Amino acid sequence: MNFGSFRREFLETAVSLAPALVFMLAAQALFLRLPWGEFGQVLLGFGFTVLGFVLFIEGAKLGLLPLGQGIGTAFVERRALAPLLVFGALLGVVLTVAEPDVRLLTFQIEAVFGDAVDRGALIAAAAAGLGGLAVVALLRIAYAWPIHAILVPGYGLAIGLALLADEATVTQAFDIGAVTTGPMTVPFLIALGVGISSVLGGQSRMRAGFGLMAVGSVGPVLLVLAWGLLRGGS
Amino acid sequence: MTVDLGPLLAHTAVEVVEATAPVLLLIAFFQFAVLRRPVQRPRAVATGVAMAVVGFFLFVVGAKLSLIPMGMAIGRALAGAALPAVLGVAFALGAAVALAEPAVRILAYEIDEVSAGSLRKRLIAGVIAFGVGVAVTLAVVRIAYGLPLVAILVPGYVLAIGLTLAAPRDMVPAAYDAGAVATGPVAVNFVLPLTTGMALALGGDRAATLGFGVVGIIALGPIVTMLALALALRRRESDA
Chain A
-14 MNFGSFRREF LETAVSLAPA LVFMLAAQAL FLRLPWGEFG QVLLGFGFTV LGFVLFIEGA
46 KLGLLPLGQG IGTAFVERRA LAPLLVFGAL LGVVLTVAEP DVRLLTFQIE AVFGDAVDRG
106 ALIAAAAAGL GGLAVVALLR IAYAWPIHAI LVPGYGLAIG LALLADEATV TQAFDIGAVT
166 TGPMTVPFLI ALGVGISSVL GGQSRMRAGF GLMAVGSVGP VLLVLAWGLL RGGS
Chain B
5 MTVDLGPLLA HTAVEVVEAT APVLLLIAFF QFAVLRRPVQ RPRAVATGVA MAVVGFFLFV
65 VGAKLSLIPM GMAIGRALAG AALPAVLGVA FALGAAVALA EPAVRILAYE IDEVSAGSLR
125 KRLIAGVIAF GVGVAVTLAV VRIAYGLPLV AILVPGYVLA IGLTLAAPRD MVPAAYDAGA
185 VATGPVAVNF VLPLTTGMAL ALGGDRAATL GFGVVGIIAL GPIVTMLALA LALRRRESDA
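Residue numbers (the numbering used here), protein chains in the order written: chain A, -14 to 219; chain B, 5 to 244.
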């Protein structure tokens, strides 16, 4: 196991969560003044959050990413674009389901809206959206399509649907679209994209990676909006 | 606001299985049924999967114990404060979250490299942080005045699309990624509960929806500021 990588990830995670910790400490000192038992639970939970995130990312890098990459490379070497796209689409679906921030966002939506929202259906719509757009993102890399050709019509359509949908659907669609491309999804999609571009020619490593997250986010936004409209939420 | 631990741990355990089982099944299916080959370094894979599952559990439990309830409590408390002060806090929180996010720094570094140093990474990180700060501020304005989310997103995306068509082509992917990297765990688990807590404390019949949408606005903010930066720099170059 690579402890250098573990330490670096730990430091990065601690730094990224530091503003939240500073805000919590300031709020506790200035106006919240929770009893120490309660605030102790908060601090313990904060420790869990940092440690859990590091373990999750490092575990995925160690155990899952090489496997996913190996499968992608095997298809790329065989020049089997169709099975690669199928794998990419299914990977997009299961990675959205596995994205912790998607879980925590839908948990918060459910906590406020209760039974008025179907959490499973919301996750399913977002997952299908990311799966579909993962295919578009991979094709873009393979054929070097310009990114604005996807983003401009994609977000144009999203705006149109947003004007028709009800407020709850709009908030859910854009919030979930922003979190589907999180720490779990991005490394996998970039690895697949880089594999494709290295075999099929196409773009450089960096260019292949750029824009992947943006293209991926459009899918969940569109699918959640469409699902909301179909359900009659207008 | 003490959280009841028993049900929390039980629910989260079920969630971990729901979330991780599909990935593992998919990878196992392609590995064994489609490619028909053994797993290389099986011990590393087993260790990694175990770490990821335990980490997922701890992260979700931790967020539900600390960031989410504290964010909501702080939001409720801020609901009673004067609006200009709350707007200042919102901007500072958004900018700080973006500056602390490793993915933002990595993206700023990559853009610096790709642009051959014409875009310094500190400038890029600053422009992304400004975009996120403005985004969180707008989310608070939306709550204070009860604006629908489309009142922010529609003009925002129309502006983004216009800038996309006008900005130098090679900067477009990076600008959109700037929106995606800013919406990390802190945005979802601390900023969102904060705005939700604020909206619920202020009340009204639309309180439930008013607090949501902040993550979507955060994704949009840096896209607009990064595209505007790219366009401004090109103007300056062509004037020179």
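Cβ atoms here follow ideal geometry from the backbone N, Cα and C, with glycine treated the same way.
Here the structure is a predicted model, which is why all the values come from computation and not from measurement.
| Check | Outcome |
| --- | --- |
| Any C-beta of chain B under 8 angstroms from that of A/Leu70 | no |
| Segment limits, alpha helix (DSSP H) that includes A/Leu6 | -12 to 12 |
| Beta-carbon proximity list for A/Leu83, same chain, < 8 angstroms, skipping 5 on both sides | Looking at the sequence shown, residue 83 of chain A is not Leu but Ala. Contacts found: Met169. |
| Pair within 8 angstroms by beta-carbon distance, B/Phe63 and A/Pro131 | no |
| Whole-angstrom distance between A/Gly204 and B/Asp116, CA atom to CA atom | 29 angstroms |
| Spatial distance of B/Val38 from A/Ala59 (CA atoms) | 11 angstroms |
| Collapsed DSSP secondary structure at B/Pro152 in the structure displayed | coil |
| Proximity of A/Leu39 and A/Phe(-12) at Cβ, strictly below 8 angstroms | A quick correction: the sequence has Val, not Leu, at residue 39 of chain A. Their beta carbons are not under 8 angstroms apart, which means A/Val39 does not touch A/Phe(-12) by this criterion. |
| Neighbourhood of B/Phe60 by C-beta distance below 7 angstroms, restricted to the same chain and skipping five residues each side | Val20, Ala23, Thr24 |
| A/Val35 - DSSP class collapsed to helix/strand/coil | helix |
| Nearest residue (CA-CA) to A/Ala5, options B/Ala96, B/Arg41, B/His15, B/Ala56 | B/Ala96 |
| Rounded straight-line distance, which links the Cα of B/Arg126 to that of B/Arg238 | 18 angstroms |
| C-beta neighbour in chain A for B/Val90, strict 8 angstroms | no |
| Whole-angstrom distance between B/Asp243 and A/Gly37, CA atom to CA atom | 51 angstroms |
| When A/Ala(-1), A/Val61, A/Glu152 are compared against A/Ile126, the one with the closest alpha-carbon | A/Val61 |
| Integer Cβ distance of B/Leu224 from B/Leu151, believed to fall under 8 angstroms | Contact flag wrong, Cβ pair sits at about 15 angstroms. |
| Whole-angstrom distance between A/Arg216 and B/Leu9, CA atom to CA atom | 35 angstroms |
| Spatial distance of B/Arg173 from B/Val108 (CA atoms) | 21 angstroms |
| Pairwise C-alpha distance: B/Gly66 and B/Ala236 | 43 angstroms |
| Spatially closest choice to B/Gly52 from A/Leu28, A/Thr34, A/Leu52, by CA coordinates | A/Leu52 |
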